[in-house]
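Visitor:
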Amino acid sequence: MFGNNKRNGNGVAVAAITTLIAEGTVIRGDVEFTGGLHLDGRIEGAISAEGADAVLTLSDKGRVMGEIRASNAVINGMVQGDIVVAERLELAAGARIEGNVYYKVLEMAGGAQVNGKMVYQPDVPRQLTGPDRAAAEA
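Numbering (the numbering used here), first residue to last: 1080 to 1217.
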């Protein structure tokens, strides 16, 4: 799992958790973040991460009703929407995805469920533009 002093497959350090959305919290609207976001609550809207080392961690209690766009993500909860990950995506055993998944590197544990397309994208996803794309290409 991503966290302090961890490195991605390229040996580049990834962000520590800088933001926590606790269980029982509901956010209705889009969320943009940099660094690391740990979600135990629920977001009803899109989640967008800025920076090549940004990490979204969705716990088994977490829920997202909307699209996720990040460089790195660890999913162990429920997502109703597409997931676009520019670098590394981990789907833990409790992951329940209803939507398409776009990834470059995928790790999927037994028990994870995806109801949608799994699309390998060796390059930066076309959906990423501007600063996100430049950071992901760096």
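Built from N, CA and C at the ideal position, the CB exists for glycine as well.
Predicted model, so just to flag it, every value in this text is computed and none were measured.
If we ignore side chains and look at the alpha-carbon of each, how far apart do residue 1187 and residue 1168 end up?
Guide: 8 Å
Visitor: Whole angstroms is fine: what's the gap from residue 1219's alpha carbon to residue 1111's?
Guide: Beyond the ends of the chain as shown, which are 1080 and 1217, falls residue 1219; an answer cannot be given.
Visitor: Could you pull the DSSP bridge partners for residue 1111 from this structure?
Guide: The partner list for residue 1111 (beta bridge, DSSP) reads 1127.
Visitor: For the candidate residues 1163, 1195 and 1158, whose alpha-carbon lies nearest to that of residue 1120?
Guide: 1158
Visitor: Using a threshold of 9 Å, state whether the C-beta atoms of residue 1141 and residue 1118 are closer than that.
Guide: In this structure, residue 1118 lies closer than 9 Å to residue 1141 by Cβ.
Visitor: If you draw a straight line from the alpha carbon of residue 1179 to that of residue 1115, how long is it in whole angstroms?
Guide: 23 Å
Visitor: What does the alpha-carbon distance come out to for the pair residue 1143 and residue 1155?
Guide: 11 Å
Visitor: Could you spell out where the beta strand (DSSP E) holding residue 1097 opens and where it closes?
Guide: Note, residue 1097: beta strand (DSSP E), 1096-1100.
Visitor: Would you kindly work out how many angstroms separate the C-alpha atoms of residue 1128 and residue 1192, rounded to a whole number?
Guide: 23 Å
Visitor: Could you check which residue in 1105, 1190, 1166 and 1181 has the C-alpha nearest to that of residue 1172?
Guide: 1190
Visitor: Start and end of the beta strand (DSSP E) containing residue 1150?
Guide: Its beta strand (DSSP E) spans residues 1147-1154.
Visitor: Using CA coordinates, which residue listed in 1107, 1153 and 1099 is at the minimum distance from residue 1123?
Guide: 1107
Visitor: Quick check: the Cα distance between residue 1165 and residue 1151, rounded to an integer number of angstroms?
Guide: 7 Å
Visitor: Please classify residue 1202: does DSSP put it in a helix, a strand, or coil?
Guide: Coil at residue 1202, not helix or strand.
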